[in-house]
Ligand code: DGT
Ligand code: CA
Ligand code: CA
Ligand code: ZN
């Protein structure tokens, strides 16, 4: 998510709330401004720092909107928007994802019935309350009921990068509650899936009631959806968090069960059955001489720890990222699980942007940020001009040549290795948008697809990977999670070509991309490709996102040896050469 995107979203939210309130004209103007802000090729926050006047250049941004942008950039919020949110505390994205329910309807339903969430909406429709509101009928109400499940499924998957911080914060909070014996994330979040339906948290405790009370008192909670004896759910900023509490002796069993995936659990359960064992969320039991079908019947042989659930099955403990039934059962049974890469094994970043293109900082600032983050090296790879680079974001060859001495000068003074590079565009025919001689002068060439991102992209990417100067294929499919699926790619063929050509395939760690995906990484590594995990940072605070790329790599069975930027500087230099 770029900063422009973040600012645009403020005005979209603003427009929705003004619509909810029944204000005319303004919502349209705010939406138009949001669109130009999102599409604006420069850094809007940077312009705002120069004052309101500088924002004139953006289509649809007049004085009133400009002053709100400045307010947002300076203070992190827009007061009027904060007040509107308090006036209409509606979970707008969720509610308006129901077909036929727009922001205006949402506002009216809040005013008349106090509806704030999808759950409220479903309850009111089910109780026949909506058709009693003026302007609504039985048909509208039935429509809402018919569409609500679809809306839940299609629009409530959150990006891993959005949900993970909430998961970590709630775990940290619960860990400090004295009634809590142990606490872990479960579900897709623990497996680091790219998108998350809900956050699952598991607590081991003898005092479930006290844990439920603490959980529902969590200061970040917006709504408590339900609170029972040993489970509860709440919502924080639209993220749904499910808590379950089990006794400490069954914690490992429950953690194994609620981590999933379902496919992994089914395969594990079948292995148990073959051995006359029974496995469930309460433990693992020897049932060779019991008829009783009670869940806890039989002799308990494990359940306190997760490892004790796998051990009786002749399996090593399986890292959560691998639990997708993609070969991990056999590997765990035969001692062949890979030693997965860890975030602290990453030594540098080979895909970053400065203010020369659409980043926020100077070369020196970005390099300093990389050093402060602990990296040993960084490649500066600003956008080259070409297909997909609108409004002058990309640098032409002449400007790239002008940038080169600045990068070399910073490199001379820097405490870490600085590689001069470029992010070139891969055109639809697979050609690269930068002059060959210039490419040859650069240390690190990332080539990425940025336009025409549908249909099969294999030939195009193979051609780029075989270009003698290209070192890395950046975000190979061009996907944007929840927005576009990107190119279809025969990863096996691409990876084979890339391995032969000595080109690395990127895992772009930006949580909106996570491209390649875990499944694709697994295929690529099997075909012999080298993986590189880059953040595509547009400012130093984004280096920390590398962990999302690392866990995506782990989902693809990547060990440190499979990943280029675990190597020391000399190894990188040799690869880039
Ligand atoms: P999500 O939330 O859609 O991103 O995906 P998960 O995997 O977190 O799924 P969720 O939250 O519905 O349930 C958490 C875990 O609980 C899931 O990964 C596996 C386990 N689980 C839930 N329902 C079932 C089930 O019916 N059978 C089995 N074997 N496991 C289940
Ligand atoms: Ca879940
Ligand atoms: Ca759940
Ligand atoms: Zn980039």
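Numbering (my numbering), first residue to last: 94 to 670. From the three backbone atoms N, C-alpha and C, an ideal C-beta is built for every residue, glycine too. This one's a predicted model, so the numbers in the text were calculated from it and none came from an experiment.
Check: Pick from 313, 232, 351, 656 that is closest to residue 280, judged by C-alpha positions; Outcome: 351
Check: Chain-ordered list of residues that sit, by beta carbon, closer than 6 Å to a heavy atom of ligand 2; Outcome: 280, 281, 290, 291, 293
Check: Sub-7 Å separation of residue 628 and residue 475 beta-carbons; Outcome: no
Check: Spatial distance of residue 141 from residue 238 (CA atoms); Outcome: 44 Å
Check: Extent of the continuous beta strand (DSSP E) to which residue 97 belongs; Outcome: Looking at the DSSP string, residue 97 is not in any beta strand (DSSP E); the run it does join, the alpha helix (DSSP H), is 96-114.
Check: Short Cβ contact (7 Å threshold) for residue 109 with residue 196; Outcome: yes
Check: First through last residue of the beta strand (DSSP E) which encompasses residue 279; Outcome: 275-279
Check: Inter-residue spacing [alpha-carbon to alpha-carbon] between residue 94 and residue 339; Outcome: Here residue 94 scores only 42 on pLDDT, less than 50, and its place in the model is too uncertain to base an answer on.
Check: Residue range of the alpha helix (DSSP H) that includes residue 616; Outcome: 611-619
Check: Proximity to residue 400 [Cα-Cα], best of 411, 270, 278, 353; Outcome: 411
Check: Residues of its chain near residue 353, where Cβ-Cβ distance is below 8 Å and the 5 sequence neighbours each way are ignored; Outcome: 279, 280, 281, 284, 416
Check: Beta strand (DSSP E) runs contained entirely in the segment 220-249, provided each spans 3 or more residues; Outcome: none
Check: Residue 483 burial status per 10 Å Cβ neighbour count (16 or more: buried); Outcome: exposed
Check: Rounded C-alpha distance that separates residue 105 from residue 200; Outcome: 15 Å
Check: Host beta strand (DSSP E) of residue 470 (start-end); Outcome: 470-473
Check: Own chain partners of residue 264 with C-beta closer than 8 Å, once the 5 adjacent residues on each side are dropped; Outcome: 276, 277, 278, 294
Check: Heavy atom of ligand 1 within 6 Å of residue 512 beta-carbon; Outcome: no
Check: Rounded Cβ spacing between residue 599 and residue 582 (contact assumed at less than 8 Å); Outcome: About 13 Å; that fails the 8 Å criterion.
Check: Host alpha helix (DSSP H) of residue 358 (start-end); Outcome: 355-367
Check: beta-carbon residue 354 near ligand 1 non-hydrogen atom, thresh 6 Å; Outcome: yes
Check: Where the beta strand (DSSP E) through residue 625 begins and ends; Outcome: 624-627
Check: Residue 447 to residue 532 span [Cα, whole Å]; Outcome: 18 Å
Check: For residue 138 and residue 166, the rounded distance between their alpha carbons; Outcome: 6 Å
Check: Residues near ligand 4, criterion Cβ-heavy atom distance below 5 Å; Outcome: 516, 629
Check: Cβ-heavy atom distance, residue 358 to ligand 1, below 6 Å; Outcome: yes
Check: Identity of the residues DSSP links to residue 442 by a beta bridge; Outcome: 471
Check: 7 Å CB neighbourhood of residue 654 in its chain, flanking five on each side removed; Outcome: none
Check: Delimiting residues of the beta strand (DSSP E) encompassing residue 329; Outcome: 324-329
Check: Rounded separation between residue 392 and residue 383 - CA only; Outcome: 9 Å
Check: The segment 313-323 / the segment 361-376 touching (three or more Cβ pairs under 8 Å); Outcome: no
Check: Beta-bridge pairing of residue 518 - partner residues as DSSP gives them; Outcome: 541
Check: Identified DSSP bridge partners for residue 371; Outcome: 378
Check: Any non-hydrogen atom of ligand 1 within 6 Å of residue 351 CB; Outcome: yes
Check: Terminal residues of the beta strand (DSSP E) in which residue 393 lies; Outcome: 392-395
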